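Numbering (my numbering), first residue to last: 2 to 427.
Positions of the beta carbon are idealized from the N, C-alpha and C atoms, including for glycine.
Please read these numbers as outputs of a predicted model, since none were measured by experiment.
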RNA sequence: GGUGAGGUGGGUGAGUGGCUGAAACCAUCAGUUUGCUAAACUGACGUACUGGGAAACUGGUACCGGGGGUUCGAAUCCCCCUCUCACCGCCA
């Protein structure tokens with residue numbers, strides 16, 4: 002959530018930003034509405050504070066008068082206060098209503114976009130930030146997509162998952178399950194080496210947490226909701242891990258804060274249909290290793306670069322061909338200022354699969370989180386938050402299975418063999 | 001699920017209606033002094049909103065888990081919720 006003061010001070014940036022996000026003039030009107038509402042809020046608050054100040058003052062006098070025994074005078078003062086209270090009550094109600102309205106408006110406003118975010122509406126408008134560095138090899142003529150490999154080698158059973166739960170809940174079996182576990186182990190070891198603190202967080206979060214990282218109210222319908230206890234199944238480890246820093250006051254020396262965790266992720270994916278949802282391409286439950294950083298605001302873009310480098314190096318180690326996209330305004334998430342997507346090329350499906358998204362949220366999350374620090378001058382400032390996936394494992398699995406298939410079987414990438422303890426699925 | 005005890009500033013913790021935005025201690029920062037690593041002393045030290053001021057600064061309001069109530073006045077009294085801890089029960 003943006004601060005009202007920020008919007009007031011940086012109106013032009015905000016408007017430009019919303020245009021990059023393809024808001025029309027009508028929608029952009031919300032900015033003026035915010036400012037008008039805030040004007041009312043300020044005016045009301047000032048007025049109310051004046052009344053309350055008077056009440057406090059008179060109350061003190063009454064105390065003194067009672068001590069001196071001047072009861073009559075005290076009682077008349079009481080009446081005076083009572084009449085002030087009537088009008089102050091009205092103002093309080095008015096102020097609260099105005100504040101609520103302001104918050105409601107602010108919640109509809111997405112993050113400011115970074116100056117380098119390209120204009121555009123569709124995925125196809127995303128800018129290629131880094132082309133695929135490896136030449137794509139050719140698969141044998143009998144190569145098939147992973148959903149066929151799944152059946153051939155009996156490593157993944159989508160139908161069984163559909164029976165137990167519903168479509169989009171994969172069941173991994175045998176070497177498929179082991180490969181998944183190997184990936185988790187490998188990735189956690191790798192990010193630990195890069196200095197990330199390993200975390201195993203809860204898989205359900207409360208409303209406050211979902212709100213603080215921006216899933217609520219923006220993505221209400223996309224999360225599984227356990228209504229009996231009003232808890233949400235996490236759509237990403239970003240939610241519980243970033244929330245570790247909700248309501249915190251940090252010191253400058255605490256930075257950089259680097260955390261990583263593996264969790265299953267649950268997404269309703271309401272409204273997704275078509276070829277994209279086949280096999281592991283889009284599922285309701287998948288495993289992911291997520292990295293999160295809470296950074297000094299002056300350093301957050303360096304941190305973003307560092308995260309991109311790390312994610313790229315991991316894909317190199319897994320021998321997967323990938324490219325990096327800079328998301329355009331239309332594809333950029335509500336809470337993000339700048340996002341880079343990593344896409345791995347599936348040789349069998351002949352398409353790019355998104356396996357990682359690395360973003361800088363600047364202060365958008367930390368404002369809601371109230372994650373602040375004291376800078377060297379002793380001033381309180383909001384920290385920046387960033388995160389990236391390394392990786393969404395469903396699609397990485399798909400790509401590994403598909404790209405490494407030969408007539409002998411599926412070869413396991415070298416780095417994973419110590420984890421799988423086998424080198425081929427056949 | 002039941003019973004009991006609690007949630008106070010960065011931390012520990014005092015505080016049962018006005019003198020408390022909040023003692024004391026610790027931590028942190030600045031300074032003084034003795035001076036190798038260290039100690040002693042002095043001072044500063046919450047957050048948010050808001051008025052005035054170019055600024056330094058200064059006035060006001062709110063906040064002692066959250067919400068509501070009683071009262072001229074509430075951290076302090078009452079109600080509801082929530083979280084933590086302990087014990088019991090139930091269960092993986």
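Rounded to whole angstroms, the separation of the alpha carbons of residue 255 and residue 411 is 45 Å.
Residues 3, 31 of the same chain have their beta carbon placed closer than 7 Å to that of residue 110, with the five preceding and five following residues left out of the count.
Secondary structure at residue 261: strand, using DSSP grouped into helix, strand and coil.
DSSP, reduced to helix, strand and coil, places residue 136 outside both helices and strands of the structure shown, so it counts as coil.
For residue 93, the closest of 50, 113, 193, 156 by C-alpha to C-alpha distance is 50. Burial is judged here by how many other beta carbons sit within 10 angstroms of a residue's own beta carbon; residue 363 has at least 16 and is buried. Judged by their CB atoms, residue 345 and residue 316 are nearer to each other than the 8 Å cut-off. Taken through DSSP and simplified to helix, strand or coil, residue 325 comes out as strand. Around the beta-carbon of residue 162, 16 or more other beta-carbon atoms lie within 10 Å, marking it buried. For residue 23, the three-state secondary structure derived from DSSP is coil.
Contact check for residue 408 and residue 177: beta-carbon distance about 20 Å, past the 8 Å limit, so the pair fails to qualify. Linking residue 307 to residue 42 through their CA atoms gives a straight-line distance of about 42 Å.
Cβ contact annotation for residue 318 (same chain, cutoff 6 Å, sequence separation greater than five): 416, in chain order. If you look at residue 366, you'll find it in the alpha helix (DSSP H) that goes 365-370. Considering only 189, 29, 326, 197, the residue with the shortest C-alpha distance to residue 420 is 189.
Ranked by how close their Cα comes to the Cα of residue 19, the residues 112, 218, 231 have 112 in first place. For residue 197, the three-state secondary structure derived from DSSP is coil. The beta carbon of residue 137 is closer than 8 Å to those of 322, 346, 348 in its chain, skipping five residues each way along the sequence. Within a 10 Å sphere around the beta-carbon of residue 129 sit fewer than 16 other beta-carbons, which makes this residue exposed. In this structure, the straight-line span from the alpha carbon of residue 402 to that of residue 181 is close to 11 Å.
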